[in-house]
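Here UniProt numbering is used: the first residue of the sequence shown is 1, the next is one more, and so on. Yeah, the Cβ is synthetic: ideal placement off N, Cα and C, and Gly gets one too. Report on the structure given below.
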Amino acid sequence: MQPMEVYRLWWLHDARWYQGVAKRFGQEVANEINAEALRFVATRVGKQVARAFAKPVNQADAKELAALFERCADIMFPNELRDGGVTALDEELLELTMRQNFAVVMVRMAGSLEGYQCPCTEIHAGWAEGLGVELSENRATGCLRHGDPQCRLLMRVAGTGE
């Protein structure tokens, strides 16, 4: 089985559980559980990426931090399904962009887009936690869900642990 087929099957599972929870308990509960689960996974991914980094994360400069967040994104969401990247805008501010978001596509196809809340900031918070990075800002400035040409998310690094 090809890796992309494995992803597709897990995303099908993800879509079905989300729809099941939304139908039985409401979309607000489905959004909350989805964000909690994704943050948990994101934290694990951040820890994995931090362990593989060549030096302590607290010694990383902005460009290296952007690359670490990009690696987290690559692990959780193959680039061919998100078409974006992470860029250091200055020494503290990172910007993540996505011109494609498979989750938004799938939720739209399921007819649940109106009540869907993107868990992006929870994912970024999880990556930061796993990497040992404190964010003083973590917000979306653009979202495909709202018809913007791309998702744009800002993460301001307040510091690194240790």
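Check whether the region 101-112 touches the region 44-55, counting contact only when three or more Cβ pairs, one atom from each stretch, lie closer than 8 Å. no
Counting along the chain, where does the alpha helix (DSSP H) carrying Ala42 start and finish? Residue mapping note: residue 42 aligns to position 42 of the sequence shown, counting from 1. That run of the alpha helix (DSSP H) goes Gln27 to Ala52.
In three-state DSSP terms, what is Glu80? Translated into positions along the sequence shown, residue 80 becomes position 80. Correct three-state label for Glu80: helix.
Closest residue to Ile33 among Glu122, Glu80 and Asp148 (Cα-Cα distance): The residue you call residue 33 lines up with position 33 of the sequence shown. The shortest C-alpha separation from Ile33 is found at Glu122.
How should Trp10 be labelled, buried or exposed, when 16 other C-beta atoms within 10 angstroms of its C-beta is the threshold for buried? Here residue 10 corresponds to residue number 10 of the sequence shown, with the count starting at 1. It counts as exposed.
So, at 8 Å on beta carbons, what are the nonlocal neighbours of Phe77 in its own chain, with the 5 sequence-adjacent residues on each side left out? Locating residue 77 in the sequence shown gives position 77, counting from the first residue. Same-chain partners within the cutoff: Phe102.
Is Val157 near Glu92, with beta carbons less than 8 Å apart? Sequence index remark: in the sequence shown, residue 157 carries index 157 (1-based). Sequence index remark: in the sequence shown, residue 92 carries index 92 (1-based). Against a cut-off of 8 Å, the Cβ pair of Glu92 and Val157 comes out as a contact.
By how many angstroms is the C-alpha of Thr97 removed from the C-alpha of Thr144? Along the sequence shown, read from residue 1 onward, the residue named residue 144 stands at position 144. Along the sequence shown, read from residue 1 onward, the residue named residue 97 stands at position 97. Note that residue 144 corresponds to Leu in the displayed sequence, not to Thr. C-alpha separation (whole angstroms): 10 Å.
Closer than 7 Å to a non-hydrogen atom of the ligand NAD - does that hold for the CB of Arg8? Looking for the ligand NAD in the displayed structure turns up nothing, as the structure carries no ligands at all.
For Val45, does the count of other Cβ atoms within 10 angstroms reach 16, so buried, or fall short, so exposed? If you number the sequence shown from 1, residue 45 lands on position 45. Buried is the call here.
State the Cα-Cα distance for the pair Glu5 and Asp83, rounded to the nearest angstrom. Start at 1 with the first residue of the sequence shown, and residue 5 comes out as number 5. Start at 1 with the first residue of the sequence shown, and residue 83 comes out as number 83. Distance between the alpha carbons of Glu5 and Asp83: 18 Å.
Using a Cβ-Cβ cut-off of 7 Å (strictly less than) and excluding sequence neighbours within five positions of Glu70, which residues of its own chain qualify? Position 70 of the sequence shown, counted from the first residue, corresponds to residue 70. The residues are Gly85 and Val86.
Anticipated Cβ contact below 8 Å, residue 168 with Ala66, distance rounded: The chain is shown only over 1 to 162; residue 168 falls outside these bounds and no answer can be derived.
Rounding to the nearest angstrom, what Cα-Cα distance links Arg108 and Glu28 in this structure? Here residue 108 is taken as the residue at index 108 of the sequence shown, counted from 1. Here residue 28 is taken as the residue at index 28 of the sequence shown, counted from 1. Distance between the alpha carbons of Arg108 and Glu28 is about 16 Å.
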